[in-house]
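For reference, the structure discussed in these notes is given below.
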Amino acid sequence: MAVVDPLIELRDVNKFYGQLHVLQDINLTIGRGEVVVVIGPSGSGKSTLCRTVNRLESIESGTITIDGQPLPEEGKGLAALRADVGMVFQSFNLFAHKTVLANVSLAQIKVRRRKKDEADRRSRELLERVGLASQADKYPAQLSGGQQQRVAIARALAMDPKVMLFDEPTSALDPEMINEVLEVMQQLARDGMTMVVVTHEMGFARSAANRVVFMADGRCIEDRAPEDFFNHPESDRAKDFLSKILKH
Numbered sequence: 001m002a003v004v005d006p007l008i009e010l011r012d013v014n015k016f017y018g019q020l021h022v023l024q025d026i027n028l029t030i031g032r033g034e035v036v037v038v039i040g041p042s043g044s045g046k047s048t049l050c051r052t053v054n055r056l057e058s059i060e061s062g063t064i065t066i067d068g069q070p071l072p073e074e075g076k077g078l079a080a081l082r083a084d085v086g087m088v089f090q091s092f093n094l095f096a097h098k099t100v101l102a103n104v105s106l107a108q109i110k111v112r113r114r115k116k117d118e119a120d121r122r123s124r125e126l127l128e129r130v131g132l133a134s135q136a137d138k139y140p141a142q143l144s145g146g147q148q149q150r151v152a153i154a155r156a157l158a159m160d161p162k163v164m165l166f167d168e169p170t171s172a173l174d175p176e177m178i179n180e181v182l183e184v185m186q187q188l189a190r191d192g193m194t195m196v197v198v199t200h201e202m203g204f205a206r207s208a209a210n211r212v213v214f215m216a217d218g219r220c221i222e223d224r225a226p227e228d229f230f231n232h233p234e235s236d237r238a239k240d241f242l243s244k245i246l247k248h
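The sequence shown begins at 1 in the UniProt record's numbering and counts up by one.
What follows is the structure, encoded as structure tokens:
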């Protein structure tokens with residue numbers, strides 16, 4: 001699909017794990033302020049695609065640029081890039097021995113070089129934003145899974161990223177906790193945050209996405225508006241996938 005104001009561009013991207021061709025000639029452009037949801041069967045390359053955007057996964061060929069700048073391979077440039085690209089994983093990856101407030105403030109102090117008072121103030125604002133202002137002095141083990149994931153989102157937002165990547169952020173949660181995380185993500189979408197979301201939550205894809213990218217066998221098979229994709233999938237692979245996951 002045509003993109004007016006490109007923020008992320010992947011051109012002819014290929015990735016291998018040994019002999020396995022995980023990403024095959026990926027061409028994808030994501031515009032500033034867009035929410036792009038990536039869906040597809042297990043093993044299709046969705047999470048790998050997401051992780052290449054901040055160099056958690058290297059690529060064998062092709063180019064990836066963010067805001068016009070090619071992704072650096074290593075060093076200070078890579079650290080700066082990762083500060084601009086927030087990432088939320090399936091697992092929460094919080095520091096168990098630090099309070100919620102300290103978890104959100106730490107990278108601001110270490111990477112953004114903010115004073116502790118400034119970082120803590122920003123952290124409290126973001127904890128309020130994700131509905132956890134009252135939990136600031138607790139430790140991760142005292143929180144539910146949904147609350148921990150919302151802390152992880154606040155931690156990523158604290159770096160003031162240009163884009164947020166979500167790699168199946170609700171897959172490790174109990175069903176009753178999923179909505180509290182999706183509601184935070186819905187609000188981010190409404191606020192204009194650029195987001196790339198790998199998820200199995202089709203309701204979120206329908207309601208929050210500007211575009212749905214359907215992947216299978218390491219390729220981007222379809223890239224369309226949600227209503228077009230869900231109502232009129234073009235490829236047999238997408239039709240088969242949707243018939244299995246959507247209840248009619």
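Glycine is no exception: its CB is placed at the ideal position from the N, C-alpha and C atoms.
State the DSSP-derived secondary structure class of isoleucine 8, mapped to helix, strand or coil. Taking the first residue of the sequence shown as position 1, residue 8 is located at position 8. In the structure shown, the three-state DSSP call for isoleucine 8 is strand.
Buried or exposed: which applies to phenylalanine 204, given that a residue is buried once 16 or more other Cβ atoms fall within 10 Å of its Cβ? Position 204 of the sequence shown, counted from the first residue, corresponds to residue 204. Phenylalanine 204 is buried by the Cβ-count criterion.
Beta-carbon within less than 6 Å of glycine 18's beta-carbon, same chain only, minus the 5 sequence neighbours each way: which residues are those? As a working note, residue 18 is residue 18 in the sequence shown. Same-chain partners within the cutoff: there are none.
The beta strand (DSSP E) enclosing glutamate 73, as first and last residue numbers: By one-based count along the sequence shown, residue 73 stands at place 73. It is not in any beta strand (DSSP E) - glutamate 73 carries neither H nor E in the DSSP assignment.
Endpoints, the alpha helix (DSSP H) within which phenylalanine 92 is located: The count along the sequence shown starts at 1 and reaches residue 92 at position 92. For phenylalanine 92, no alpha helix (DSSP H) run applies, since DSSP gives it neither H nor E.
Nearest-angstrom Cα separation, counted from alanine 216 out to serine 47: As a first step, residue 47 is located in the sequence shown; it is residue number 47 there, counting from the start. As a first step, residue 216 is located in the sequence shown; it is residue number 216 there, counting from the start. About 12 Å.
Using only the alpha-carbon positions, how far apart do residue 249 and alanine 225 sit? Nothing can be reported for residue 249, as the shown portion of the chain is limited to 1 through 248.
Glycine 45, buried or exposed, once every other Cβ within 10 Å from all chains shown has been counted against 16: Taking the first residue of the sequence shown as 1, we reach residue 45 at position 45. Residue environment analysis places glycine 45 among the buried positions, since at least 16 neighbouring C-beta atoms fall within 10 angstroms of its C-beta.
Here's the rule I'm using: 16 or more other beta-carbon atoms within 10 Å means buried, otherwise exposed. How should residue 306 be labelled? Since the first residue shown for the chain is 1 and the last is 248, residue 306 is missing from the structure and cannot be characterised.
Which residues in the same chain as arginine 150 place their Cβ atom closer than 8 Å to its Cβ, once the five residues preceding and following it in sequence are excluded? Indexing the sequence shown from 1 puts residue 150 at position 150. Cβ contact annotation for arginine 150 (same chain, cutoff 8 Å, sequence separation greater than five): Val130, Gly131, Leu132, Glu180, Val181 and Val184, in chain order.
Tell me the rounded alpha-carbon separation between asparagine 146 and proline 175. On the sequence shown, residue 146 is found 146 positions in, with the first residue counted as 1. On the sequence shown, residue 175 is found 175 positions in, with the first residue counted as 1. The displayed chain sequence assigns glycine, not asparagine, to residue 146. Rounded to the nearest angstrom, the two C-alpha atoms are 10 Å apart.
Closest by CA to serine 134, which one among Glu118, Val3 and Leu101? Reading the sequence shown from its first residue, position 134 is the one you call residue 134. Each of Glu118, Val3 and Leu101 was checked against the Cα of serine 134, and the nearest Cα belongs to Leu101.
Please identify the residue among Leu246, Arg219, Val111 and Asp12 whose C-alpha is closest to the C-alpha of glycine 86. Translated into the one-based positions of the sequence shown, residue 86 becomes position 86. Nearest of Leu246, Arg219, Val111 and Asp12 to glycine 86, Cα basis: Val111.
Could you please give the first and the last residue of the uninterrupted alpha helix (DSSP H) stretch that includes methionine 185? Residue numbering aside, residue 185 sits at position 185 when the sequence shown is read from its first letter. Element bounds for methionine 185: 175 to 190.
Within its chain, find whatever has a CB closer than 6 Å to the CB of leucine 126; leave out the 5 residues flanking it on each side and keep chain order. The sequence position of residue 126 within the sequence shown is 126, counting from 1. Cβ neighbours of leucine 126 beyond the five flanking positions: Ala154, Leu157 and Ala158.
Thinking C-beta only, is leucine 71 closer than 9 Å to arginine 51? Mapped onto the sequence shown, residue 51 falls at position 51. Mapped onto the sequence shown, residue 71 falls at position 71. Contact flag unset, no.
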